[in-house]
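Asker:
Encoded structure:
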């Protein structure tokens, strides 16, 4: 028969993994928010270069 203490420890481990996952998600969200405009412009420039050959289309700066 399983002891009640072992079950509680297993649940505690699951909660710890969930907290770590939430913290990683928050960090990723902050990074994407702060660098989102720059990444958007880079992808737009690449797409523009592929479509026009020399990148002659205009891309708006900023977010």
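In the working numbering, the protein residues as written are 55 to 117.
By construction, the Cβ of each residue, glycine as well, lies at the ideal position given by its N, Cα and C atoms.
Have a look at residue 69 and residue 79 and give me their C-alpha separation to the nearest angstrom.
Answerer: If you number the chain shown from 1, residue 69 lands on position 15. If you number the chain shown from 1, residue 79 lands on position 25. If you take the alpha carbons of residue 69 and residue 79, they lie about 15 Å apart.
Asker: Whole angstroms is fine: what's the gap from residue 117's alpha carbon to residue 65's?
Answerer: As a working note, residue 117 is residue 63 in the chain shown. As a working note, residue 65 is residue 11 in the chain shown. Any reading at residue 117 must be qualified, since the residue scores a pLDDT of 49, below 50, and its modelled position is unreliable; the value itself is stated next. Between residue 117 and residue 65, the C-alpha separation is close to 43 Å.
Asker: Between residue 97 and residue 103, what straight-line distance do the alpha-carbon atoms span, to the nearest angstrom?
Answerer: Walking along the chain shown from the start, residue 97 turns up at place 43. Walking along the chain shown from the start, residue 103 turns up at place 49. In a straight line, the C-alpha of residue 97 is about 10 Å away from that of residue 103.
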